[in-house]
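S.K.:
In this note's numbering, the protein residues as written are 204 to 312.
Encoded structure:
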């Protein structure tokens, strides 16, 4: 899992090809690029038909850094800045225009 997850059923998991040999297998490879600072490697073994003596052995599993892979910068979150909230103006206790002024302006037009 390139995201470093712990669920092998997650959508982010990239499985390599399925191989069904009837004898010894020497090496499988799969390439993936980490999405962050950690990756998780899962190994899946499926033996649907057992005849009583079937066994599966895994000799080694490892990850190695590919020096040729491009380095991709990851976005870092910028902490939000405290912004001043503008103060709501307090309405005057008395109306700024009186009813007499409104009548006077209305009648003169």
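From the three backbone atoms N, C-alpha and C, an ideal C-beta is built for every residue, glycine too. Note that the structure is predicted; figures quoted are calculated from it, not measured.
1. Count the CB pairs spanning the segment 260-268 and the segment 242-249 that are closer than 8 Å, and state whether there are at least three.
2. Answer with buried or exposed for residue 262, where buried requires no fewer than 16 other C-beta atoms within 10 angstroms of its C-beta.
3. Excluding the 5 residues flanking residue 231 on each side, which residues of the same chain have their C-beta closer than 7 Å to its C-beta?
4. What's the C-alpha gap between residue 217 and residue 282?
5. How would you label residue 257, buried or exposed, when you count the other beta carbons within 10 angstroms and need 16 or more for buried?
6. Going by alpha carbons, who is nearest to residue 236 out of 271, 293, 210?
7. Between residue 288 and residue 215, what straight-line distance do the alpha-carbon atoms span, to the nearest angstrom?
8. If you draw a straight line from the C-alpha of residue 210 to the C-alpha of residue 291, how long is it?
9. Only counting the same chain, and skipping five residues up and downstream in sequence, which positions put a Cβ closer than 6 Å to that of residue 285?
M.R.: Let's see:
1. yes
2. For the purposes of this step, residue 262 is taken as residue 59 along the chain shown, with counting starting at 1. Per the 10 Å Cβ criterion, exposed.
3. Here residue 231 refers to the residue found at position 28 of the chain shown. Same-chain partners within the cutoff: 219, 222.
4. The residue labelled residue 217 in the question sits at position 14 within the chain shown. The residue labelled residue 282 in the question sits at position 79 within the chain shown. Each residue's Cα considered, the two are about 32 Å apart.
5. For this step, residue 257 is matched to residue 54 along the chain shown. The residue in question, residue 257, is exposed, as its Cβ has fewer than 16 Cβ neighbours within 10 Å.
6. Taking the first residue of the chain shown as 1, we reach residue 236 at position 33. Residue 236 has its Cα closest to that of 271, out of 271, 293, 210.
7. Looking up residue 288 in the chain shown gives position 85. Looking up residue 215 in the chain shown gives position 12. Rounded to the nearest angstrom, the two C-alpha atoms are 41 Å apart.
8. Residue 210 sits at position 7 when you count from the first residue of the chain shown. Residue 291 sits at position 88 when you count from the first residue of the chain shown. Cα-Cα distance, rounded: 51 Å.
9. Against the chain shown, residue 285 aligns to sequence position 82. Same-chain partners within the cutoff: there are none.
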